[in-house]
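Data first, discussion second: the structure below is written as structure tokens.
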Amino acid sequence: MRLEISYRTRYAYDPPVARGLSALRVRPGLKVLEASLRCSPGRVSSTYTDAWGTTVDIVEFDRLHAVSQFEMRATVETCLQERDDPPTEDEWYLYRHDSPRVRSVAVEPLAWTVGNEGGAWQAVESALAWIPQRFAYQVGATDAETTIEEVIGIGSGVCQDFAHVFLALLRRWGWCARYVSGYLFSTSREADRIEAEAMHAWVEVYRPGAGWVGLDATSGMLADDRYVAVARGRDYDDVRPVRGIINGKGRQTQESRLEILHTAHLSQQQQQ
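For the sequence shown, our numbering begins at -18 and goes up steadily by one.
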């Protein structure tokens, strides 16, 4: 699929702030045909690749402002091909053990319930199907700091929460698995556009002989060519889309908007 992605985030500060520094993880990591990042105010002072292989843009703001915003635009080509590059020695260790937000002890009772039948991969498939049935998708039920224990107690959450629960189960069973954030064209291939308010989260598990397999615990489905990966890591903390500091005190609000166009389908419609 060829997709055009526009991701915009706006921050409002009351009172205004003098300066700030942000690290943005919003650029797609697939076959990128073109990409741009615009900031207002501020500028991209540097770009680097972090320890997990994610592109990071550092944005600096150096004057008084009440509103800051950025827009990432990219055109990408996606495919169904699975990533078959094996984990490095470090990844093999880090993606199989607990991380700050993913502690296997939190899912100990669930691990015995969900994965007690069939072989090792059958347990993975069972968990993938079980999570959307066990937890309700509810925006606002959790936030970026909600723990796995709280999600299990609440019984609801969003994609970030379900990915964390899934990762905890996978690592409890000894799988090498990582958190993935990115963009999802969350409709059929026959549609030409979608709009949303946030990025998506899913999991990749390394299956020997098959490579990295993308699994979406929100929908209970395999990740396909509608998924555009941006960042990978142990959990959400490694892939936060925006992380930064500001010189000032007061209230801060955030608004985000995501739009994805299926350009190949639009071209076909225009030719008919």
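Even glycine gets a Cβ: it sits at the ideal position worked out from N, Cα and C.
On a predicted model such as this, the values are computed, not experimentally measured, just so you know.
Assuming Ser107 is part of the alpha helix (DSSP H), what are its boundary residues?
From DSSP, the alpha helix (DSSP H) with Ser107 extends over Ala101 to Arg115.
Between the region 28 to 46 and the region -12 to 8, are three or more C-beta pairs nearer than 8 Å?
Yes, they touch.
If contacts are defined as beta-carbon pairs under 8 Å, then Tyr76 and Thr199 qualify, I think. What distance do you get, rounded to the angstrom?
About 20 Å; that fails the 8 Å criterion.
Looking at the unbroken beta strand (DSSP E) that takes in Pro(-3), where does it start and where does it end?
Unbroken beta strand (DSSP E) run through Pro(-3): Arg(-17) to Val(-2).
Would you kindly work out how many angstroms separate the C-alpha atoms of Leu148 and Ala122, rounded to a whole number?
The straight-line gap from Cα to Cα measures roughly 20 Å.
Leaving out five residues on either side along the sequence, give the residues of the same chain with a beta carbon under 8 Å from the beta carbon of Val184.
Hits under 8 Å: Ala144, Phe147, Leu148, Leu151, Ala158, Arg159, Tyr160, Val161, Gly195, Leu196, Asp197 and Ala198.
Express the C-alpha separation of Ala16 and Thr69 in angstroms, rounding to a whole number.
Spanning the two alpha carbons is a distance of roughly 29 Å.
If you draw a straight line from the C-alpha of Gly23 to the C-alpha of Glu41, how long is it?
Their backbone Cα atoms lie some 5 Å apart in a straight line.
How many Å lie between Gly96 and Ile135 at the Cα?
Roughly 22 Å between the two C-alpha positions.
Our contact map puts Ile241 next to Leu(-16) with C-beta atoms below 8 Å; I'd like the distance itself, whole angstroms only.
Right, their Cβ atoms sit about 5 Å apart.
Considering only DSSP beta bridges, list what Thr56 is partnered with.
Thr56 is bridged to Glu(-15) and Glu15.
Would Asp219 be called buried (16 or more neighbouring beta carbons within 10 Å of its own) or exposed?
That one is buried.
Could you give the DSSP three-state label for Thr234: helix, strand or coil?
In the structure shown, Thr234 sits in a strand (DSSP, three-state: E or B).
Residues in the same chain with beta-carbon distance under 6 Å from Glu52, minus the five sequence neighbours each way, listed in chain order, please.
Arg(-11) and Arg19.
Under DSSP, the beta strand (DSSP E) around Phe42 begins and ends at which residues?
From DSSP, the beta strand (DSSP E) with Phe42 extends over Thr36 to Phe42.
Unbroken beta strand (DSSP E) runs of length 3 or more, entirely within the region 144 to 173: which are they?
List check, beta strand (DSSP E) in window: 158 to 165.
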